[in-house]
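Everything on this sheet refers to the single structure shown next.
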Amino acid sequence: MNVIKRLLVKSSFFRKTIHRSSEEIHKQKLREISNHLKQVKEDMYQLLPLNAWQRFDEQAYISGGCIYSLYHDKTPKDYDFFLRDQSLVDELREFFIERAGYHGSDMSGGTYNGLSLLVTNNAISIGKYQIITQWVGDPQDVISEFDFKHNQFYWKNKRVQTLSDWSYLKGNALVYNEQRARDIVGTIVRIPRFVQRGMTITQKEMSKVLLKLHSVGFTDKEVEILNSNKADRHFSS
1 MNVIKRLLVK SSFFRKTIHR SSEEIHKQKL REISNHLKQV KEDMYQLLPL
51 NAWQRFDEQA YISGGCIYSL YHDKTPKDYD FFLRDQSLVD ELREFFIERA
101 GYHGSDMSGG TYNGLSLLVT NNAISIGKYQ IITQWVGDPQ DVISEFDFKH
151 NQFYWKNKRV QTLSDWSYLK GNALVYNEQR ARDIVGTIVR IPRFVQRGMT
201 ITQKEMSKVL LKLHSVGFTD KEVEILNSNK ADRHFSS
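full-length UniProt numbering puts the first residue of the sequence shown at 1, with every later residue one more than the last.
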């Protein structure tokens, strides 16, 4: 009996050790991501007009796929900054449009501080840094409508925060945010890219996406974009 008891105690100890180690690894990853994104934000300051620094510091938060990529030790394709106030968004759009080398019907661009510059209706892109202009507001309003739950994480006030569950950040499954997700056509276009990056999607989750499409249908603009073969530009992840 004593032998069995000792084995049970030992087994319980190892389970706690493994769990604690896993949790510590998770916390360490979040600390490293936070430190990295702090530097990214400081780099972003150097691209902004001086009179916007303080407001950008107060309003900006980082979200999108970069946090998931960093958690899985991958280099982010870009860094998405979101702002809480429309007036600052409008001011920055005007600032960068004025510095664009060319102006088209739906975009302006060129180079800025040695980086590629592109200003569209959706975002201001300077190299790998993006200021999202399509959606403006608090994280609870903006991120709650992201299409997949592994992207519902954001960095603000020097720490990574979540509107979903940490398990979605740790795993590789695409889980559809069927309650609040917008931009259903963009969601469908992005799914193959996520799969190419090693993520998986079940028939159940894909069914949710298709049911959403059946419910809302296509807008005229979405049909136009798909027909023009410009989906990559308009529906980038």
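Beta carbons are placed, not taken as given, at the ideal position from N, Cα and C, and that holds for glycine. All values reported here derive from a predicted model rather than from experimental measurement.
Cα-Cα separation between residue i and residue j, rounded to whole angstroms
i	j	result
Arg99	Glu24	46 Å
Gly217	Gln203	20 Å
Lys41	Val189	29 Å
Phe81	Thr75	17 Å
Gly64	Tyr168	13 Å
Gln86	Arg55	12 Å
Val9	Gln28	A caution first: Val9 carries a pLDDT of 48, below 50, which makes its placement in the model too unreliable to give a value.
Ser108	Leu117	8 Å
Trp135	Val142	7 Å
Ser34	Thr111	29 Å
Thr187	Ser144	15 Å
Met199	Ile97	36 Å
Gln130	Ser22	33 Å
Phe95	Leu50	12 Å
Leu213	Ile126	33 Å
Asp90	Lys170	36 Å
Ile225	Thr120	14 Å
Gly137	Leu88	11 Å
Lys221	Asn227	10 Å
Lys77	Phe194	13 Å
Asn122	Ile132	6 Å
Gly101	Lys128	19 Å
Arg180	Thr219	18 Å
Beta-carbon gap between residue i and residue j smaller than 9 Å
i	j	result
His26	Trp166	yes
Asn113	Gln46	yes
Leu37	Cys66	yes
Asp147	Arg197	no
Ile201	Ala173	yes
Gln152	Asn177	yes
Arg84	Tyr68	no
Val185	Lys149	no
Met44	Tyr79	yes
Val160	Leu48	no
Residue i - containing alpha helix (DSSP H), residue span
i	result
Ser207	203 to 216
Gln140	139 to 142
Ser105	Element bounds for Ser105: n/a, residue is neither H nor E.
Leu92	86 to 98
Simplified DSSP assignment, three categories, for residue i
i	result
Leu48	coil
Leu8	Residue placement at Leu8 is flagged as unreliable, the pLDDT there being 46, under the threshold of 50; the coordinate-derived value follows with that caveat. Here Leu8 sits in helix by DSSP.
Phe63	According to the sequence provided, residue 63 is Ser. The question's Phe does not apply to it. Strand, per DSSP.
Gln134	coil
Ser228	coil
Asp80	strand
Phe148	strand
Glu222	helix
The beta strand (DSSP E) enclosing residue i, as first and last residue numbers
i	result
Thr120	115 to 120
Practice problem: Run through the stretch 150 to 189 for me and flag every whole alpha helix (DSSP H) of 4 or more residues, listed as ranges in chain order. | Solution: 166 to 170
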